[in-house]
Amino acid sequence: MTVSARAFWLLRGRLGRVSALGRSAASLLAAPGTAGRAFRGFRSSDLRHDAIIISGTEMAKQIQKEIQRGVESWISLGNGRPHLSIILVGDNPASHTYVRKKIKAAAAVGICSEIILKPKDVSQEELLDITNQLNMDPRVSGILVQLPLPDHVDERTVCNGIAPEKDVDGFHIINIGRLCLDQHSLIPATASAVWEIIKRTGIETFGKNVVVAGRSKNAGMPIAMLLHTDGEHERPGGDATVTIAHRYTPKEQLKIHTLLADVIVVAAVVFTPLTLSRSLFHLHNLPMLFIVREIQKDAAQVGVHLEKCFGIPKLITSDMVKEGAAVIDVGINYVHDPMTGKTKLVGDVDFEAVKKKASFITPVPGGVGPMTVAMLLKNTLLAAKKIIY
Numbered sequence: 072m073t074v075s076a077r078a079f080w081l082l083r084g085r086l087g088r089v090s091a092l093g094r095s096a097a098s099l100l101a102a103p104g105t106a107g108r109a110f111r112g113f114r115s116s117d118l119r120h121d122a123i124i125i126s127g128t129e130m131a132k133q134i135q136k137e138i139q140r141g142v143e144s145w146i147s148l149g150n151g152r153p154h155l156s157i158i159l160v161g162d163n164p165a166s167h168t169y170v171r172k173k174i175k176a177a178a179a180v181g182i183c184s185e186i187i188l189k190p191k192d193v194s195q196e197e198l199l200d201i202t203n204q205l206n207m208d209p210r211v212s213g214i215l216v217q218l219p220l221p222d223h224v225d226e227r228t229v230c231n232g233i234a235p236e237k238d239v240d241g242f243h244i245i246n247i248g249r250l251c252l253d254q255h256s257l258i259p260a261t262a263s264a265v266w267e268i269i270k271r272t273g274i275e276t277f278g279k280n281v282v283v284a285g286r287s288k289n290a291g292m293p294i295a296m297l298l299h300t301d302g303e304h305e306r307p308g309g310d311a312t313v314t315i316a317h318r319y320t321p322k323e324q325l326k327i328h329t330l331l332a333d334v335i336v337v338a339a340v341v342f343t344p345l346t347l348s349r350s351l352f353h354l355h356n357l358p359m360l361f362i363v364r365e366i367q368k369d370a371a372q373v374g375v376h377l378e379k380c381f382g383i384p385k386l387i388t389s390d391m392v393k394e395g396a397a398v399i400d401v402g403i404n405y406v407h408d409p410m411t412g413k414t415k416l417v418g419d420v421d422f423e424a425v426k427k428k429a430s431f432i433t434p435v436p437g438g439v440g441p442m443t444v445a446m447l448l449k450n451t452l453l454a455a456k457k458i459i460y
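See the structure below:
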């Protein structure tokens, strides 16, 4: 049983110690070095603690156990084992790594899976033929096409080629449309991961101000849909007042909104190789798109090897966050670490600085990433059980 953050803090303040139930919450919602310690009651002289770091890794383990039980229960009723088919195009190392993680996680919860590997010059017609065959295969519960696809292939056309009831990525136009109409659908895994983190952590969204930095169709947009829609509809939402920022939002305008936000979700997806060889975030009044371009120019001028980024490192800094805000970081950026000379994974948030002001924060790695894989598996089980369609 997951203990909400509110209950956790009540236990901390009123009992002056961590009960067995409180320790369960502390393992999931723990600032570094605090897990397992006995807590005392709050005194006004106490200094403010850093944010509680939400372990997406631990939360994902809990969800995977729930999925595993669901799979075994489904099979015990005489049904076939859920089956996930993944179409992987080309030799992109990152895509291959992500697919391996999905296959490993599927096996851990008892879901069968397969990889259909195609060369990078595969035609769009062939991919549509493959999805059509999988659509008609009763053995296949869920289908996903690992993105990004080569430039000559239209991703929207291929995603729409997957039957909505087997679209475990939630990218089909029907699933996106149902999401926008507050109806049950297979929800994009990243958006579902953010929503699940917020719910299980007990972060309040009802009547709160939320900023979603990013409007991608796979992350920012569906996250905003989940957070702003009616909590009493067919598919309950967060009842929040949501502001969506995007690549043309000036940095100073973004800061105005984030300083008012109770919850900040950072999902500034930019499918472009970037680097941070020097700090360029003094360009405060430029939109995100122009900051990206400046980073690219900077890299070219100094001849630095470009690292892959799917966001904007340090887009959100501590001066942009109000005290006590919850910060969810969806960014994935592989940047050069000058201290070690190696590549490291960071998010879109200046983690070390922001955690000193936030109430809750997700790390990168170990935050939204593991939860995204878990929610993909949950979608596969839902598709197998035909609960939504």
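Residue 460 is where the sequence shown ends in this note's numbering, and the numbering goes up by one at each step.
All C-beta atoms, glycine included, are put in the ideal place defined by N, C-alpha and C.
Here the structure is a predicted model, which is why all the values come from computation and not from measurement.
The alpha-carbon of Tyr-169 is positioned some 10 Å away from that of Leu-218. Excluding its 5 nearest sequence neighbours in each direction, Ser-256 has C-beta neighbours in its own chain below 6 Å: Asn-246, Arg-249, Leu-250, listed in chain order. Shown here, Pro-321 sits in a strand according to DSSP, grouped into three states. Beta-bridge partners of Cys-183 (DSSP): His-154. Taking 4 residues as the shortest admissible run, the region 207-293 contains the following complete alpha helix (DSSP H) segments, listed from N- to C-terminal end: 226-231, 244-251, 260-272.
Per the coordinates, the alpha-carbon of Leu-331 lies some 7 Å from the alpha-carbon of Lys-393. Nearest to Gly-285 by C-alpha distance, out of Leu-448, Ile-335, Lys-270, Ile-269, is Ile-335. By alpha-carbon distance to Val-281, the top candidate from Ile-258, Ala-260, Gly-308, His-304 is Gly-308.
Taking C-alpha positions only, Glu-196 is separated from Ile-158 by approximately 14 Å. Secondary structure of His-299 (DSSP, three-state): helix. A direct Cα-Cα distance of roughly 9 Å separates His-317 from Val-283. The C-beta distance from Thr-261 to Val-439 rounds to 7 Å, short enough to meet the 8 Å contact threshold. Of the other Cβ atoms in all chains shown, 16 or more fall within 10 Å of the Cβ of Asp-419; this residue is therefore buried. With fewer than 16 other Cβ atoms from the protein chains shown falling within 10 Å of its own Cβ, Leu-148 counts as exposed. A distance of 8 Å or more separates the beta carbons of Pro-153 and Thr-388. For Asn-450, there is no enclosing beta strand (DSSP E); the residue is part of the alpha helix (DSSP H) that begins and ends at 439-456. When C-beta atoms of the region 425-437 are compared with those of the region 118-130, three or more pairs fall below 8 Å, so the two segments count as touching. When DSSP states are grouped into helix, strand and coil, Asn-404 belongs to the strand group. Proximity to Asp-421 across Ile-134, Glu-137, Val-337 peaks at Val-337, based on C-alpha coordinates. Annotation: Ala-131 is outside any beta strand (DSSP E); the continuous alpha helix (DSSP H) that includes it extends over 127-147. Residue pairing for Val-337: DSSP places it in a beta bridge opposite Ala-284, Asp-400. Of the residues Asp-192, Ala-177, Glu-236, the one whose Cα lies closest to the Cα of Leu-205 is Glu-236. Under the DSSP definition of a beta bridge, Ile-124 partners with Ile-432.
In the three-state reduction of the DSSP assignment, Leu-198 falls in the helix class, which pools H, G and I. Going by beta carbons, Ile-403 and Leu-386 fall outside the 8 Å limit. Residue pairing of Ala-316 in beta bridges, as defined by DSSP: Ala-284. The continuous stretches of beta strand (DSSP E) do not include Val-392, and DSSP gives it neither H nor E.
Burial is judged here by how many other beta carbons sit within 10 angstroms of a residue's own beta carbon; Glu-267 has at least 16 and is buried.
Residue environment analysis places Gly-278 among the exposed positions, since fewer than 16 neighbouring C-beta atoms fall within 10 angstroms of its C-beta. Taking the CA atoms as reference points, Glu-423 sits about 11 Å from Val-435.
Non-local C-beta neighbours of Val-444 in its own chain, meaning closer than 8 Å and more than five positions away in sequence, comprise Ala-131, Lys-172, Lys-173, Ala-176, Ala-260, ordered along the chain. Looking at His-223, Ile-187, Ser-263, Thr-228, the one whose alpha-carbon comes closest to that of Gly-127 is Ser-263. Its chain contains Arg-286 as the residues whose beta carbon lies nearer than 7 Å to that of Met-292, once the 5 sequence neighbours on both sides are disregarded; these appear in chain order. Residue state for Ile-387 is assigned as strand, using DSSP reduced to three classes. Cβ atoms of Gly-241 and Asn-203 stay farther apart than 8 Å, at about 19 Å. Taken through DSSP and simplified to helix, strand or coil, Leu-330 comes out as coil.
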